[in-house]
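Visitor: The structure's right below; bear with me while I get my questions together.
Protein chains: 4
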Amino acid sequence: MTLVNEVVDEVNEVMALVDETQLVAAEKIIDKNKRIFILGAGRSGLMAKGFAMRLMHIGYSVFVIGETITPSIQTGDVLVSVSGSGKTGSVLDPSKKAKENGVKLVAVTSNANSPLGRIGDATIVVPGATKSGDGVKSIQLLSTLFDQSVHITLDVLCLMLSRRDNISNETAKATHSNME
Amino acid sequence: MTLVNEVVDEVNEVMALVDETQLVAAEKIIDKNKRIFILGAGRSGLMAKGFAMRLMHIGYSVFVIGETITPSIQTGDVLVSVSGSGKTGSVLDPSKKAKENGVKLVAVTSNANSPLGRIGDATIVVPGATKSGDGVKSIQLLSTLFDQSVHITLDVLCLMLSRRDNISNETAKATHSNME
Amino acid sequence: MTLVNEVVDEVNEVMALVDETQLVAAEKIIDKNKRIFILGAGRSGLMAKGFAMRLMHIGYSVFVIGETITPSIQTGDVLVSVSGSGKTGSVLDPSKKAKENGVKLVAVTSNANSPLGRIGDATIVVPGATKSGDGVKSIQLLSTLFDQSVHITLDVLCLMLSRRDNISNETAKATHSNME
Amino acid sequence: MTLVNEVVDEVNEVMALVDETQLVAAEKIIDKNKRIFILGAGRSGLMAKGFAMRLMHIGYSVFVIGETITPSIQTGDVLVSVSGSGKTGSVLDPSKKAKENGVKLVAVTSNANSPLGRIGDATIVVPGATKSGDGVKSIQLLSTLFDQSVHITLDVLCLMLSRRDNISNETAKATHSNME
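Protein chains in written order, with the numbering used here: chain A, 7 to 186; chain B, 7 to 186; chain C, 7 to 186; chain D, 7 to 186.
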């Protein structure tokens, strides 16, 4: 078996464990009339940014925590936090603080029982191997398998949202950055 | 004379050459009902981001070209482009393209006769030394003096905008990121 | 069939078309004694950053074009450029310039015959749907399928490099940012 | 008096209070044979990045906490942390953690007695107004005056370092990103 096949098989194994009812629960919280904030660190953070960018393409008012023009988060806003281990301090601490301020939290993690997993108003479990040892075992380094699977999972969530909102590919294309 | 004094004197010399009527012209273009896009590279780009962040604090709908949630720029939008030399390709090319698409351009540069300076609907000249040799001479490296002076200049523009719009310090504070 | 399954099937279809001999050719260029520069825009750019971060974890001297501490690229350096369409100006133009300056180029694109694909010293073709219409057709928006597949492909390349270089998971873990 | 003059006067007032012996103390810690890590949030973070970029130009091995290719910080490394209030959690907490791990800390703050100010191996006090009310009073919004003054202060430190290390403007220019 080639290395590509081995890696793809791992992704398939994790994706088979993703529970679409959890995506539906998250979909209900991600309301187009609300502001959506996105938080993640490291490679999970890059996947979180990819999700944020696509939400923008399909017409959401979305902000990435830590980027230049991100305002204060307020009661009534939605926060989507991504952490494989569910214990990353720079993700967990602001998520707790947001919850206390009346923000709805979508938690995305490999471990439903992690501190982050437990406080989600909706929690999406993506059980790919992380660097803290959670989830499906992997031949890949650190939390690579989590990153790959969370990427696909959040893209499926975007696809659900775009269908719910009747956003076509052409509409998304018109919103895509034209300064590249 | 101490090194701090020498550097501060350079900044004072450049700032004395900044023409407030150019700031007033830019202020007229930066309309709160329009979307404002910000573009810069390198250290100028960091100053541009600082300007964008403050515009957000005082209630503008502002985006930084190259960040995650920046949508396509459209006819009727405003672009603020910062380049010391006025020749940086990654700033100049998108600025030209935006102009062709009916975007109003505020150009910020050390050189009014540079390619960027010439195409601004308003052009703010900040004649600090740049790495291409324009502007007031400096003991500092590369375009440090331009960066320092453009920083202060854009902050003065923000102050003008906040006064025009009746935004208090308390209002700005409430919008400041609360996830740090 | 569930939506997760439909999306995973698309990824599997693209990954089956990735040619491992192209990865081997890229692996030869990515020399641990050289500086590796990474370039991409939009969501492809996020995938490129994920690749850069993992290269750092396994001990490479790697820089992302556009980030703060990225130095000038010089003869003898390696550039890895990612563009689905192979035509993105902000990726293509610097890639051409780098080639002219004696930099080795690894091109990653959905289209081998695109301007970027044609100039790679090694070109990795990841034929997922892009927003310009190249590659395997997809139910997903814009270049989502390319992003997902390029993510996995670059992770496979990292795995190949880590094995070649005898880097263990524990070694990579010790290099992973500890300030999160 | 024009608005530009009012703002420039504020900057002059703060800069007159910057103590060059504190810069000398910081200069001793910033050793070219060590790895330098830079940390800041919000607009202070942008100024911190500007400092990091210039350190790269003059030949330092420097990393920005939170950027893609930043490795783990280790005993023997140097951390430069910037926070106007000296209380920003995302700056203070990692700074404390780094200190415990044997990292030398240069603290840059408006308030010597703040939590960050107190733990610096060298502390540079830049007493510009911050949004928490420290420092010289200002007509400008939030911590604008701190940002402006810290910008100039860190540039003076860079100038001291470049002179100590005999780095010319031409050498710095050759290291400046050539992909813009």
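Ideal Cβ positions, reconstructed from N, Cα and C, are used throughout, including at glycine.
For a contact defined as C-beta to C-beta under 8 Å, what are the partners of valine 17 of chain B on chain D?
Guide: Under the 8 Å cutoff, chain D gives Val14, Val17, Ile158.
Visitor: Just curious, the beta strand (DSSP E) that glycine 115 of chain C is in, first and last residue?
Guide: It should be noted that the sequence gives threonine, not glycine, for residue 115 of chain C. Note, threonine 115 of chain C: beta strand (DSSP E), 110-115.
Visitor: Can you name the start and end residues of the beta strand (DSSP E) that valine 131 of chain A belongs to?
Guide: Counting along the chain, the beta strand (DSSP E) containing valine 131 of chain A begins and ends at 128-131.
Visitor: Taking any Cβ of chain A, which residues in the region 141-152 of chain C have a Cβ under 8 Å from it, in chain order?
Guide: Cβ contacts with chain A: Ile145, Gln146, Leu147, Leu148, Thr150.
Visitor: Is it the case that the Cβ atoms of threonine 159 of chain A and valine 24 of chain A are separated by a distance below 7 Å?
Guide: Yes, they are a contact pair.
Visitor: Out of B/Ile64, B/Val14, B/Lys40, B/Gly51, which has the shortest C-alpha to C-alpha gap to asparagine 6 of chain B?
Guide: Past the edges of chain B, shown from 7 to 186, lies residue 6 of chain B, and the structure says nothing about it.
Visitor: Please name the residue, chosen from B/Asn18, B/Met185, B/Leu165, B/Ala128, that lies closest to lysine 105 of chain B on a Cα-to-Cα basis.
Guide: Per the Cα distances, B/Ala128.
Visitor: Let me check one thing: in DSSP terms, what residues is leucine 85 of chain A bridge-paired to?
Guide: Beta-bridge pairing links leucine 85 of chain A to A/Phe43, A/Leu111.
Visitor: Does the beta carbon of glutamine 203 of chain D sit closer than 7 Å to a beta carbon anywhere in chain B?
Guide: Shown here, chain D extends from 7 to 186; a query on residue 203 of chain D therefore has no answer.
Visitor: Could you name the residues of the same chain whose beta carbon sits closer than 7 Å to that of valine 132 of chain A, not counting the 5 residues immediately before and after it, in chain order?
Guide: Once the five neighbours on either side are set aside, the close Cβ partners of valine 132 of chain A are Val20, Val24, Val114, Ser116, Phe152, Ser155, Val156, Thr159.
Visitor: Taking the CB atoms as reference points, tell me whether isoleucine 125 of chain D and valine 86 of chain D lie closer together than 7 Å.
Guide: No, Cβ-Cβ distance for isoleucine 125 of chain D and valine 86 of chain D is not below 7 Å.
Visitor: When Cβ atoms are compared, which residues of the region 63-85 of chain C fall closer than 9 Å to chain E?
Guide: No chain E appears in the structure shown, which is made up of the protein chains A, B, C and D.
Visitor: Along chain D, in chain order, which residues have C-beta atoms closer than 8 Å to that of serine 96 of chain A?
Guide: Ser96, listed in chain order.
Visitor: Quick check: the Cα distance between threonine 81 of chain D and methionine 185 of chain B, rounded to an integer number of angstroms?
Guide: Going by the C-alpha atoms only, they are around 29 Å apart.
Visitor: Shortest alpha-carbon distance to glycine 48 of chain C belongs to which of C/Lys143, C/Arg41, C/Thr94?
Guide: Of the listed residues, the one whose Cα sits closest to glycine 48 of chain C is C/Thr94.
Visitor: Do isoleucine 42 of chain C and valine 84 of chain C come within 7 Å of each other at the CB atom, strictly closer than that value?
Guide: Result yes, Cβ atoms of valine 84 of chain C and isoleucine 42 of chain C sit closer than 7 Å.
Visitor: Could one say the Cβ of alanine 178 of chain D lies closer than 7 Å to chain C's Cβ atoms, at least one of them?
Guide: No, alanine 178 of chain D lies away from the interface with chain C (no Cβ there is under 7 Å from its Cβ).
Visitor: Whose C-alpha, out of A/Asn107, A/Pro100, A/Gly141, A/Lys103, is nearest the C-alpha of asparagine 119 of chain A?
Guide: Residue A/Gly141 is the option with its Cα nearest to asparagine 119 of chain A.
Visitor: Using only the alpha-carbon positions, how far apart do valine 112 of chain B and isoleucine 35 of chain B sit?
Guide: Whole-angstrom Cα-Cα distance: 8 Å.
Visitor: Find out if the Cβ-Cβ distance for the pair threonine 74 of chain C, lysine 55 of chain D is shorter than 7 Å.
Guide: Yes, the Cβ-Cβ distance between threonine 74 of chain C and lysine 55 of chain D is below 7 Å.
Visitor: Helix, strand or coil for glycine 123 of chain A? Go by DSSP, reduced to three states.
Guide: Helix at glycine 123 of chain A.
Visitor: Can you name the residues of chain C whose CB is closer than 7 Å to the CB of lysine 55 of chain D?
Guide: Chain C residues near lysine 55 of chain D: Thr74.
Visitor: Can you look up valine 14 of chain D in the DSSP assignment and give me helix, strand or coil?
Guide: Looking at valine 14 of chain D - three-state DSSP - the assignment turns out to be helix.
Visitor: Could you tell me the distance, in whole angstroms, from the CA atom of cysteine 164 of chain C to the CA atom of phenylalanine 69 of chain D?
Guide: For cysteine 164 of chain C and phenylalanine 69 of chain D, the distance between alpha carbons rounds to 22 Å.
Visitor: By how many angstroms is the C-alpha of serine 78 of chain B removed from the C-alpha of leucine 167 of chain D?
Guide: In a straight line, the C-alpha of leucine 167 of chain D is about 42 Å away from that of serine 78 of chain B.
Visitor: Only counting the same chain, and skipping five residues up and downstream in sequence, which positions put a Cβ closer than 6 Å to that of leucine 98 of chain B?
Guide: Pro121, Leu122, listed in sequence order.
Visitor: Is it true that the CB of glycine 90 of chain B sits closer than 7 Å to the CB of serine 174 of chain B?
Guide: No.
Visitor: Tell me, please, which residues DSSP counts as bridged to phenylalanine 69 of chain A.
Guide: The partner list for phenylalanine 69 of chain A (beta bridge, DSSP) reads A/Phe43.
Visitor: Return yes when the Cβ of valine 162 of chain C is within less than 7 Å of the Cβ of valine 17 of chain A, no when it is not.
Guide: Against a cut-off of 7 Å, the Cβ pair of valine 162 of chain C and valine 17 of chain A comes out as no contact.
Visitor: Checking contacts by CB at 7 Å: is threonine 115 of chain B closer than that to chain A?
Guide: Answer no: the Cβ-Cβ gap between threonine 115 of chain B and chain A never drops below 7 Å.
Visitor: So which residues on chain C does methionine 59 of chain D lean against when the C-beta distance must stay under 7 Å?
Guide: Within 7 Å Cβ-Cβ: Thr74, Ile75.
Visitor: Between which two residues does the alpha helix (DSSP H) carrying valine 30 of chain A extend?
Guide: Note, valine 30 of chain A: alpha helix (DSSP H), 26-35.
Visitor: Using DSSP bridges, identify the partner residues of valine 142 of chain C.
Guide: Valine 142 of chain C pairs with C/Gly134.
Visitor: By the DSSP assignment, the alpha helix (DSSP H) with glycine 92 of chain A in it spans what residues?
Guide: Neither: glycine 92 of chain A is in no alpha helix (DSSP H) and is coded neither H nor E.
Visitor: Here's a check: name, in chain order, each residue in its chain whose Cβ is nearer than 8 Å to the Cβ of valine 30 of chain C, leaving out the five neighbours to either side.
Guide: Same-chain partners within the cutoff: Met166.
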